[in-house]
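If you're matching positions, the sequence shown starts at 4 in the numbering used here and goes up one per residue.
For glycine and all other residues, C-beta sits at the position ideal for the given N, C-alpha and C.
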Amino acid sequence: MSGHSKSRAFLCLGGNIGEPAKAMAAALRALNEDERVSVLQVSSIYRTPPWGVVDQPDFLNAVAEIDTTLSAHELLQLCLATESALKRERHERWGPRVIDIDLLLYDEERIEERDLQVPHPRMLERAFVLVPLSEIAPELRLEGRAISDHLLRLDASGIERVRAGGGWWTMQEQAL
């Protein structure tokens, strides 16, 4: 990584059609192969009930912490390009998808723009984000409270860890 100073960001990855674990692993590997991004740690994979549109398969979700020299906007564009490369199609809001990569946090920045909002505007309402985030960054604070405190206010009852540990994304595809 050269040029810009490094920023710390958190991404939420998910999917519920095809083979979401493989798609999430491929997305993380693609991001990590970009010289401007380094994946620092990744949560376990969690199976989570659908949110918003509930008549669809359960999701798999994970959160990754990265270092990047990209700006928040450049990182968002890289995530969107990675989704496209993995055949993401946007048809229905909160609908089924092969892969979804959301930019949750970018350093301490607050960005309020039409195409980019950081911190992610609905992350504190979503147990499927806070469960894996609290696994890898329990010390993180948002709105003056620890992530684990925010999580206590949410219903996380349908969420189960299906792949413990963060090394899953570096494994061979057959192992996923």
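Which same chain residues end up closer than 8 Å to His49 when comparing Cβ atoms and leaving out the 5 residues on each side of it in sequence? Numbered from its first residue, the sequence shown carries residue 49 at position 46. Reading off the sequence, residue 49 comes out as Tyr, not His. Cβ within range, chain order: Leu63, Asn64, Ala65, Phe131, Val134, Pro135, Ile162, Glu163, Arg164 and Val165.
Less than 7 Å between C-beta atoms, sequence neighbours within five positions excluded: which residues of the same chain meet that for Leu89? Walking along the sequence shown from the start, residue 89 turns up at place 86. Around Leu89: Ala26, Ala29, Ala30, Val101 and Ile102.
Does the distance from the CB of Ser3 to the CB of Glu138 come in under 8 Å? Nothing about residue 3 can be reported from this structure: the residues present for the chain run from 4 to 179 only.
C-alpha gap between Leu155 and Arg117, whole angstroms: Here the question's residue 155 lines up with position 152 in the sequence shown. Here the question's residue 117 lines up with position 114 in the sequence shown. About 30 Å.
How should Met126 be labelled, buried or exposed, when 16 other C-beta atoms within 10 angstroms of its C-beta is the threshold for buried? Along the sequence shown, one-based indexing puts residue 126 at 123. Per the 10 Å Cβ criterion, buried.
If you draw a straight line from the alpha carbon of Leu81 to that of Ala140, how long is it in whole angstroms? Here residue 81 refers to the residue found at position 78 of the sequence shown. Here residue 140 refers to the residue found at position 137 of the sequence shown. Taking the straight line from one Cα to the other gives about 23 Å.
Go through the stretch 129–175 residue by residue and report every complete run of the beta strand (DSSP E) that reaches 3 residues or more, in order. 163–166
Taking the alpha carbon of Asp158 as the point to measure from, which residue in Gly168, Arg148, Arg129 and Ala84 has its own alpha carbon closest? Within the sequence shown, numbered from 1, the residue matching residue 158 stands at position 155. Of the listed residues, the one whose Cα sits closest to Asp158 is Arg129.
Under 8 Å between C-beta atoms of Thr51 and Asp61: The residue you call residue 51 lines up with position 48 of the sequence shown. The residue you call residue 61 lines up with position 58 of the sequence shown. Taking 8 Å as the Cβ cut-off, Thr51 and Asp61 qualify as a contacting pair.
Test item: CB-CB of Leu119 and Ala149 under 8 Å: Looking up residue 119 in the sequence shown gives position 116. Looking up residue 149 in the sequence shown gives position 146. Contact flag unset, no.
Can you name the start and end residues of the beta strand (DSSP E) that Leu106 belongs to? For the purposes of this step, residue 106 is taken as residue 103 along the sequence shown, with counting starting at 1. Element bounds for Leu106: Asp103 to Tyr109.
By how many angstroms is the C-alpha of Val45 removed from the C-alpha of Gly170? Within the sequence shown, numbered from 1, the residue matching residue 170 stands at position 167. Within the sequence shown, numbered from 1, the residue matching residue 45 stands at position 42. Rounded to whole angstroms, Gly170 to Val45 spans 7 Å at the Cα level.
Presumed contact (8 Å Cβ cut-off) between Leu83 and Arg39, rounded CB distance: Here residue 83 refers to the residue found at position 80 of the sequence shown. Here residue 39 refers to the residue found at position 36 of the sequence shown. That belief does not hold up - the Cβ atoms of Leu83 and Arg39 are roughly 15 Å apart, past 8 Å.
Mind checking which residues open and close the alpha helix (DSSP H) that includes Thr51? Here the question's residue 51 lines up with position 48 in the sequence shown. Here Thr51 belongs to no alpha helix (DSSP H); instead the beta strand (DSSP E) covers Ile48 to Thr51.
Within its chain, find whatever has a CB closer than 7 Å to the CB of Ser160; leave out the 5 residues flanking it on each side and keep chain order. By 1-based counting over the sequence shown, the position of residue 160 is 157. Once the five neighbours on either side are set aside, Ser160 has no close Cβ partner at all.
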